[in-house]
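>
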Amino acid sequence: MPLPKVSPISFKFISLTAENMDFWRNYAKLMRFIASNLFSGVAVYGYQQAVKGFMDALDCFERTPRSQVWVAIATFGSIKSAPTAKSFANIEMCMTVTTHPDIPITTHMGIFRSPLRLVKTPELEKVRGLQAGGVSVGDIINVLEKKRTLAHPVRRLSTQLHAFAAKRCLQESRGLAKILMITAPLAKMLEILNKDCAAYSTDKIKSEKTDSTLVTQVGEAQAPKSHQFVINNIQNYPWLTELADLNGSRPKIAIEMQPLASAMDESTRVESVLDWLDSRHRVYLAASSSSM
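Residue numbers (the numbering used here): 36 to 327.
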């Protein structure tokens, strides 16, 4: 029997435009600012690098207007075009999705979760007074407190978001059919993708650049599912080298688009259902304690 879609989380695929560029720049900068005041060490470095990847994708879009770029988000409610505390509070996780009509590859970059949902209320006092991009952190926290979602992040969300993004990209992208999603993520995200997508992914990615031509081999040359891409005028597609790092040394993963898009099936809904049941239990406990 299909599982009921009871989780309050939903997914949206928002096309990046000149009109909404400032919204996403302001959101990413504010979340990075908040994280730098809440965390330290490896945690804050991870946020800085994730947001950098997100911002780099926005920059590449401005330099290559024929590219298609979307922001894939997991959200607890509607997102308005203008920056508001409620819109910012509704976003649980986001990342960029980049491709081009001439290229059969897409890349997901800059995935990060709202830092405000990772800590308990007392820890938030030191950032409540912050403000950036015309949005007050205190107002965002007030919305989260009303929704009772502080310190309760949705589990296993990143893989669901990647799967959703692949599905929508296959539906909405123009030009050549998209075969692979190639990305050079941070270590933790790479570990998750290697685990969850092992059956239809590879880390065997080699590229050679000659003048303005990039030749990329994915998988062993003689393997049934290997792919070779010859990309001329590589300078016209900066996201392939700057985001996907095709000719760089960062660890990468190539994931088949069709299986990835199909991964968001009933089994991935289990974690959402468990989260919903957990949230109902917390509401019950809060109501019980207040009535004592």
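Virtual Cβ for every residue (Gly too), placed ideally from N, Cα, C.
Do A107 and V132 come within 9 angstroms of each other at the CB atom, strictly closer than that value?
Their beta carbons are under 9 angstroms apart, which means V132 touches A107 by this criterion.
> Kindly indicate which three-state DSSP category E301 falls into: helix, strand or coil?
Bear in mind that the predicted position of E301 carries a pLDDT of just 41, short of 50, making it unreliable; the figure below should be weighed with that in mind. Reduced to three states, the DSSP call for E301 is helix.
> Over the uninterrupted beta strand (DSSP E) stretch that includes T148, give me the two end residues.
Residue identity check: residue 148 is Arg in the sequence provided, not Thr. Here the beta strand (DSSP E) through R148 covers I138 to R148.
> Hey, quick one: how far does the alpha helix (DSSP H) through S71 stretch, first residue to last?
M56 to L73 is the span of the alpha helix (DSSP H), which, as asked, contains S71.
> Scan the region 268-296 and note each continuous alpha helix (DSSP H) run of 4 residues or more that stays entirely inside, going in chain order.
Here the runs fully enclosed are 273-277.
> Roughly how many whole angstroms lie between the Cα atoms of S116 and I49?
Distance between the alpha carbons of S116 and I49: 11 angstroms.
> Pull up the DSSP beta-bridge partners for F264, would you.
In DSSP, F264 forms a bridge with T251.
> Expressed to the nearest angstrom, what Euclidean distance is found between the alpha-carbon atoms of P139 and V189?
Roughly 32 angstroms separates the two Cα atoms.
> Quick check: the Cα distance between D57 and A124, rounded to an integer number of angstroms?
Spanning the two alpha carbons is a distance of roughly 17 angstroms.
> Please determine, among L65, K287 and S284, the residue with the shortest C-alpha to C-alpha distance to D174.
When only C-alpha atoms are compared, the closest one is L65.
> Over the uninterrupted beta strand (DSSP E) stretch that includes F48, give me the two end residues.
Looking at the DSSP string, the run of the beta strand (DSSP E) that includes F48 is S45 to S50.
> Any chance you could list the beta strand (DSSP E) runs of at least 3 consecutive residues sitting entirely within the region 103-182, in chain order?
Runs of the beta strand (DSSP E) inside the region 103-182: 103-110, 126-135 and 138-148.
> Counting Cβ pairs, one atom from each stretch, are 3 or more of them under 8 angstroms apart for the region 253-267 and the region 69-89?
The region 253-267, when compared against the region 69-89, does not touch it at the 8 angstroms Cβ threshold.
> Could you pull out every residue in the same chain whose Cβ sits closer than 7 angstroms to the Cβ of T237, ignoring the five residues on either side in sequence?
Answer for T237: V253, G254 and A289, listed in chain order.
> What residue range does the beta strand (DSSP E) around T194 cover?
No beta strand (DSSP E) holds T194; the alpha helix (DSSP H) holding it covers L192 to E207.
> Looking only at its chain, what residues have a beta carbon closer than 6 angstroms to the beta carbon of E291, apart from the 5 residues adjacent to it on each side?
The answer, listed in chain order, is Y235.
> Nearest to G169 by alpha carbon, out of A212, F111, K121 and R98?
Checked all of A212, F111, K121 and R98; the closest Cα to G169 is K121.
> On the CB-based measure, 16 or more other CB atoms within 10 Å of its CB, does Q367 come out buried or exposed?
In this structure the chain extends from 36 to 327, so residue 367 is not present and cannot be described.
> Hey, could you find the ends of the beta strand (DSSP E) L93 is sitting in?
Segment G76 to R98 is the alpha helix (DSSP H) holding L93; no beta strand (DSSP E) there.
> How about the region 83-93 and the region 237-252: do they share at least three Cβ pairs that are nearer than 8 angstroms?
As far as the Cβ criterion goes, the region 83-93 does not touch the region 237-252, which means the pair count is below three.
> Rounding to the nearest angstrom, what Cα-Cα distance links P87 and M224 in this structure?
Looking at the sequence shown, residue 87 is not Pro but Lys. For K87 and M224, the distance between alpha carbons rounds to 15 angstroms.
> In this structure, does DSSP put L221 in helix, strand or coil?
Note: L221 maps to coil in three-state DSSP.
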